[in-house]
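Residue numbers for the first sequence follow our numbering, so the first one is -7 and each next one is one higher. Glycine residues also receive a C-beta, built at the ideal position from the N, C-alpha and C atoms. This structure is a prediction, so every number in the text was calculated from the model and none was measured. Below you'll find the structure, written out as C-alpha cells, and then a few comments.
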Amino acid sequence: MKHSDLKKELKSFLKKAKNPLIVVLGPTASGKTALSIEIAHLVKGEIISTDSRQIYKGMEIGTDAISEKEQDGVPHHMLGIVTPDREFSLAEYKDEALKKIEEIKKRGNIPMLVGGTGLYISSIMEGYDVPRIAPNKKLREKLYKEAEKHGNEYLHARLAKLDAASAEKIHPNNVRYVVRAIEINLLGGKNKIDNKKKKSPFDIFMVGLEWPRDELYERIDMRVDRQLERGLIDEVKKLLKKYDEDLPAMSSLGLKEIVPYIKGEKSLEECTEILKKNTRNYAKRQLTWFRRYKNINWIPCETTKKPQKQKTQTAKKAERKPKK
RNA sequence: AGGCUCAUAGUGUUAAUGGUAGCACGUUGGUCUCCAAAACCAAAAGUAGGGGUUCAAAUCCUCUUGGGCCUG
C-alpha cells in the first residue's frame, strides 16, 4: 500500500468495521510515531502503546518514547505508567489495554495500537488467553538451579512428564520457557494446549512501515547517536542509582549496553557499537514476528540519500557491495 | 631489491599427530500465550594464487602475490 492511499483505505475500513482497531507496527526506528499521529488525526484516534519498555517511567531517552510535544494533542495510553522496579506482566498489560480500548470506544474515538512488541500486539489482537499463573520467583530459582546441576535435558524431561505437549514444542535449551511451562503446571495446572486461533474480537486494520534492511540499520545507528547526544548516559546513571540492575526493565536496549561504560569496564565507543548491534538484532526479531501476519498493509519507505553525512559502519558495509 | 617470518568464512582464532576444516562474534532465516528491547533454534559462508610430493596436503617442497620484522 502506498502512503498516499492511506486515507482512502482507512476510510473504507472504518465504514465497514463494527469494532475497529487500527494497528501501527514496524521495527524499531521505522517511524511508527509520526505515522501514528498522522493516522490519529485522520480518524480521531487514541493511541495505546504496545511497547513493553515504554511502560516504564524514567527511561524516555533509552526507549525513544514520544514526547508530549510530539503527541500533538493525541491521547496516549500505557506510557510511563509504572516505575522500573515494578514487574509488569503480559496478563496485566492485556487487561489494562483492553480496559483502555473500551474507554476509548465509549468516548467515540478509534483505538489504535502503536508499538513494536509483537507479543503485546498479538495478545490483544488475537485475544490471548494468558494463563493466570503469576511468576513465582522461588520456584523459578529452584528450577534454574536444577537445570544447572543436572543439565537442560533433565529439566526438559521433567516437563515432559508433566505436560508432554508443551515439552514437545519447547527446545530443551530454552530453559526460560521450560521453567515457565513447569511453573504453570505445578501452580495451577491448566495449560495452553488449545492454542487454536480464535477469531479476533476486533476488526483490524494493520499498517506497517517497511524499509530496505540497510537503510533501517542506518536509521538505527543514527538514532543511537542521537540518544547519546540527548543524554542517554545520564538517564542510565540515574536509573542505576535507584534500581536494581537485575530487574527486567533494566535489560532494555540502551540500558544494559551502557552500564559497562558507567562502571568503567568498557569504552563508550565499544558500548555504542554493541548497543547498535543489539538494536539491529532486535529489529530483525521484530520483523520475524510481524511476518506471521499476512494482511499487514506495508508502506514502503525510502530515504533519498544525501551524499554527505558521516557514514556509519553499516553504511560503509552496505556500500562495499556493488549495487546493481 | 639480501635474510627471516606470516597468510584459515565478514572479523578474531594461542582449532585441526599428513587423514571429516573447528570455535566465537557478526550476517541471514526461524520459534514464541506472564522476564519478550527477553530467551531459544537453524542455515549460509573459509585454507591468498599457481605448480609439485603423497592413496591423502591448511599442514611438506616450490614459485607468485601480499603483510610484518631484521640487515646495507
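Cβ contact annotation for G180 (same chain, cutoff 6 Å, sequence separation greater than five): I125, in chain order. Taking 9 Å as the cut-off, the Cβ atoms of I116 and L6 do not count as close. The beta strand (DSSP E) runs lying completely inside the stretch 138 to 222 and spanning 3 residues or more are 195 to 202, given in chain order. Between the C-alpha atoms of N287 and D213 there is a straight-line separation of about 29 Å. In the structure shown, I14 falls within a strand segment according to DSSP collapsed to helix, strand and coil. In the same chain as Q219, and ignoring 5 residues on each side of it, the C-beta atoms closer than 8 Å to its own belong to I53, G54, D56 and G246, in chain order. Counting along the chain, no alpha helix (DSSP H) covers G37; the unbroken beta strand (DSSP E) around it starts and ends at G37 to S41. In chain order, Y209 and I212 place their CB closer than 6 Å to the CB of R272, counting only its own chain and leaving out the 5 sequence neighbours on each side. Beyond the five residues adjoining it in sequence on each side, E145 comes within less than 6 Å, by CB distance, of P164 in the same chain, given in chain order. For a cut-off of 8 Å, the C-beta gap from A152 to M104 is around 42 Å, too long to register as a contact. Between T42 and the set W290, L13, D195 and L34, the nearest pair of CA atoms involves L13.
The same chain holds no residue with a CB closer than 7 Å to that of R99 once the five nearest residues on each side in sequence are set aside.
Per the C-alpha coordinates, the member of F197, L232 and C293 positioned closest to P76 is L232.
For P19 and K141, the gap between their C-alpha atoms comes out near 38 Å. The C-beta separation of V66 from I39 comes to about 6 Å, placing the pair in contact by the 8 Å criterion. By the neighbour-count criterion, in which 16 or more other beta carbons inside 10 Å mark a residue as buried, A26 falls on the exposed side. Between the C-alpha atoms of I93 and F282 there is a straight-line separation of about 22 Å. Pairing E138 with V170, the inter-Cα distance amounts to about 12 Å. When secondary structure is reduced to three states using DSSP, L34 falls in the helix class. Counting only the Cα atoms, I113 lies some 17 Å from A21. The C-beta distance from I174 to L135 rounds to 6 Å, short enough to fall under 8 Å. Nearest in C-alpha terms to P204, of all of H148, A275 and G50, is A275.
In its chain, beyond the 5 residues on either side, K258 and C263 have a beta carbon closer than 7 Å to the beta carbon of P252. At a Cβ-Cβ threshold of 9 Å, L224 and I250 count as neighbours. Residue nearest to R284 within the set G23, M198 and S244 is M198 (criterion: CA-CA distance). The alpha-carbon of E60 is positioned some 15 Å away from that of E30.
For P123 against I176, the beta-carbon gap comes to about 5 Å, under 8 Å, which counts as contact. When rounded, the separation of the alpha-carbon atoms in S158 and A83 is 20 Å. Just so you know, the alpha carbons of P292 and G72 end up roughly 30 Å apart. Annotation for M104: the continuous beta strand (DSSP E) segment containing it runs I102 to V106. Secondary structure of V228 (DSSP, three-state): helix.
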